[in-house]
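In our numbering, the protein residues as written are 245 to 358.
Backbone N, C-alpha and C define an ideal beta-carbon position, used for all residues, glycine too.
None of the values given here were measured: they were computed from a predicted structure.
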Amino acid sequence: MLKKQIIIIGIISLIITILSPFYFVSYIEALPDSLNQKLAFGGPFPFAEQTFTLPDEENQYPLEVHFESPFEKETKYKITPFIFSYICLFLFFFALYTIIARFFTRKPVREPEE
245 MLKKQIIIIG IISLIITILS PFYFVSYIEA LPDSLNQKLA FGGPFPFAEQ TFTLPDEENQ
305 YPLEVHFESP FEKETKYKIT PFIFSYICLF LFFFALYTII ARFFTRKPVR EPEE
């Protein structure tokens, strides 16, 4: 039975890891020296890298840059941060599942008889 939960948690963790570049953004506070920047997306360890040309006007900063679809823009993936992100999310969800399951399936404690 535990094997089934591990597989389900693994699939959920993989899906969330793959989708994480879309909900983590890069934040640029001030105008950088070079306007052509490589920005990393993903989480908790950024693993998807895209190149952006930033605006050259000072009044447009701070700036949030969002991840664009890999089908629309060239994206470079790093395997090691991806694996670390997957493991981190898997351990988090497994611990959360274990705590919740233990809370609901715990056997009632019997009072000692005197």
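What residues match up with residue i in a beta bridge as DSSP calls it?
i	result
T295	K282
K320	E293
Return yes when the Cβ of residue j is within less than 9 Å of the Cβ of residue i, no when it is not.
i	j	result
K247	F291	no
S264	F334	no
F289	F336	no
N280	T261	no
P276	L298	yes
Suppose you measure from the CA of residue i to the CA of residue j; what does that come to, to the nearest Å?
i	j	result
T324	P356	53 Å
K317	L283	13 Å
G287	N303	29 Å
Need the endpoints of the beta strand (DSSP E) that residue i sits in, please.
i	result
S270	270-272
Could you pull the start and end residues of the alpha helix (DSSP H) that residue i belongs to?
i	result
L307	First-last for L307: 307-309, but that is the beta strand (DSSP E), not the alpha helix (DSSP H).
L275	From DSSP, L275 is part of no alpha helix (DSSP H); its letter is neither H nor E.
Query - Validate contact between the stretch 306-323 and the stretch 341-353 using beta carbons, cut 8 Å, 3 pairs - result: no
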